[in-house]
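In the UniProt record's numbering, the protein residues as written are 1 to 371.
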């Protein structure tokens, strides 16, 4: 299945606000602060030294033998807001895996469509004059790198690099599993101050066309535009986003409690919502991203891999885990996960049990449109 949206061929300055809104919603609370990602890309596209747009490539149009790399940022979202990037960490990591492998990358792809990590490949593309594949490896954001469809469906853990804002760099080759790479890169990222820029893995165009979640850059853009159109017309921007995604509203209320801590390179915690006009509550637990939602009886409303998206009640703007504050009025949307995330091999890696929840995955009902 696919959403009934226009598939873009480029991202321009006029698209940035919409991309930021949509990627923030799809990011389920994580993926890095979308505002910072938007400002970073805006700075590049407004600079005469760089092109004024980034080319998007439909994954179905990739040559089978094209070399594709994923680039982005790694670390806790709260630290990424407080500790600004140098700007070229991902480019340095990209060049490192090209040097290590002897291959030249033909196109870039987001590892996840969430938040700033949806923007990172667009920024690298502007700096390197490479196209970006209109797809990603998650259709949302997840906290660990082995949780993307690239690794789930068998791409080898061949070459990887992480770089910090001071140019310190660690390269990895032929790691025995994606989980092992996650553990090594996460530990190094903690030593780098809690944030690094990465590049990994190297994939063929044939693999990406089959196992990436398609057209998610276009989806994020159209989702943001739907929210903007609703604001401009005086209609409900939250409903506009929900309808486009084929999701459902799980709860509406205000934030009454937030527990959040940084540990081992993650932002961990929970947020409790209380209904405005009723006694009902909803608690959502997160590890960078929102993972499970429980009602006041402790019953599960939804779990990963389905998307739990918090948005501002009035504007429809995404509310990320680093920005949760007491008193915020929010609405909670539940969105069915992409089908690539619901197979048995995917659920072994990204289902609720993978995060320590001894509960079965009970998928949200799907609309006739979707992914």
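Every residue, glycine too, gets a C-beta built ideally from N, C-alpha and C.
Nothing here was measured: the structure is a model prediction, and the numbers come from that model.
So, residue 148 versus residue 137, is the Cβ gap smaller than 8 angstroms? Start at 1 with the first residue of the chain shown, and residue 148 comes out as number 148. Start at 1 with the first residue of the chain shown, and residue 137 comes out as number 137. Contact flag set, yes.
Helix, strand or coil for residue 189? Go by DSSP, reduced to three states. What you label residue 189 is simply residue 189 of the chain shown in a count that begins at 1. Three-state result, residue 189: helix.
Is residue 157 helix, strand or coil when you go by DSSP? Residue numbering aside, residue 157 sits at position 157 when the chain shown is read from its first letter. It is coil, neither helix nor strand.
Can you look up residue 138 in the DSSP assignment and give me helix, strand or coil? Locating residue 138 in the chain shown gives position 138, where the first residue counts as 1. Note: residue 138 maps to coil in three-state DSSP.
Under a three-way DSSP split, which group does residue 17 fall into? Within the chain shown, the letter at position 17 stands for residue 17. Of the three classes helix, strand and coil, the one that applies to residue 17 here is helix, per DSSP.
In whole angstroms, give me the CA-to-CA distance for residue 341 and residue 122. Numbered from its first residue, the chain shown carries residue 341 at position 341. Numbered from its first residue, the chain shown carries residue 122 at position 122. Approximately 24 angstroms, taken between the alpha carbons.
Buried or exposed: which applies to residue 298, given that a residue is buried once 16 or more other Cβ atoms fall within 10 Å of its Cβ? Locating residue 298 in the chain shown gives position 298, counting from the first residue. It counts as exposed.
In whole angstroms, what separates the C-alpha of residue 172 from that of residue 196? Translated into the one-based positions of the chain shown, residue 172 becomes position 172. Translated into the one-based positions of the chain shown, residue 196 becomes position 196. If you take the alpha carbons of residue 172 and residue 196, they lie about 14 angstroms apart.
Give the DSSP bridge partners of residue 203, in chain order. Translated into positions along the chain shown, residue 203 becomes position 203. DSSP, once it has assigned bridges, lists 68 as partnering residue 203.
Local conformation of residue 366 per DSSP, three classes: On the chain shown, residue 366 is found 366 positions in, with the first residue counted as 1. Three-state result, residue 366: coil.
Suppose you measure from the CA of residue 194 to the CA of residue 182; what does that come to, to the nearest Å? Along the chain shown, one-based indexing puts residue 194 at 194. Along the chain shown, one-based indexing puts residue 182 at 182. So the two alpha carbons sit approximately 14 angstroms from each other.
Here's a check: name, in chain order, each residue in its chain whose Cβ is nearer than 7 angstroms to the Cβ of residue 58, leaving out the five neighbours to either side. Taking the chain shown and counting its residues from 1, one reaches residue 58 at position 58. Within the same chain, residue 58 has close Cβ partners 7, 134.
Which residue marks the beginning of the beta strand (DSSP E) containing residue 336, and which one marks its end? In the chain shown, counting from the first residue as 1, residue 336 sits at position 336. It is not in any beta strand (DSSP E) - residue 336 carries neither H nor E in the DSSP assignment.
Between residue 1 and residue 242, what straight-line distance do the alpha-carbon atoms span, to the nearest angstrom? Position 1 of the chain shown, counted from the start, is the residue given in the question as residue 1. Position 242 of the chain shown, counted from the start, is the residue given in the question as residue 242. Confidence at residue 1 is low in this model, with a pLDDT of 46, below 50, so the placement of that residue should be treated as unreliable; the coordinate-derived value is given next. Those two C-alpha atoms are separated by around 17 angstroms.
Residue 174 to residue 22, Cα distance in whole Å? Against the chain shown, residue 174 aligns to sequence position 174. Against the chain shown, residue 22 aligns to sequence position 22. So the alpha carbons of these two residues sit roughly 35 angstroms apart.
Coil, strand or helix - residue 287 by DSSP: To locate residue 287, count along the chain shown from 1; it is residue 287. In the structure shown, residue 287 sits in a strand (DSSP, three-state: E or B).
Considering Cα atoms alone, identify which of 309, 211, 301 is closest to residue 359. Here residue 359 is taken as the residue at index 359 of the chain shown, counted from 1. Checking every option, the nearest Cα to that of residue 359 belongs to 301.
C-beta contact flag for residue 98 and residue 140 at 8 angstroms: Residue numbering aside, residue 98 sits at position 98 when the chain shown is read from its first letter. Residue numbering aside, residue 140 sits at position 140 when the chain shown is read from its first letter. No, Cβ-Cβ distance for residue 98 and residue 140 is not below 8 angstroms.
Rounding to the nearest angstrom, what Cα-Cα distance links residue 253 and residue 332 in this structure? Position 253 of the chain shown, counted from the start, is the residue given in the question as residue 253. Position 332 of the chain shown, counted from the start, is the residue given in the question as residue 332. Each residue's Cα considered, the two are about 9 angstroms apart.
Distance check for residue 177 and residue 152, CA to CA, integer angstroms please. Translated into the one-based positions of the chain shown, residue 152 becomes position 152. Translated into the one-based positions of the chain shown, residue 177 becomes position 177. Roughly 11 angstroms between the two C-alpha positions.
Do residue 53 and residue 11 have their CB atoms nearer than 8 angstroms? Sequence index remark: in the chain shown, residue 53 carries index 53 (1-based). Sequence index remark: in the chain shown, residue 11 carries index 11 (1-based). Taking 8 angstroms as the Cβ cut-off, residue 53 and residue 11 qualify as a contacting pair.
Alpha helix (DSSP H) containing residue 232: first to last residue? One-based indexing of the chain shown puts residue 232 at position 232. Its alpha helix (DSSP H) spans residues 216 to 233.
Closest by CA to residue 65, which one among 100, 35, 4, 209? Position 65 of the chain shown holds residue 65. Minimum Cα distance to residue 65 is reached at 209.
May I have the straight-line CA-CA distance separating residue 109 from residue 284, to the nearest angstrom? The residue labelled residue 109 in the question sits at position 109 within the chain shown. The residue labelled residue 284 in the question sits at position 284 within the chain shown. Whole-angstrom Cα-Cα distance: 30 angstroms.
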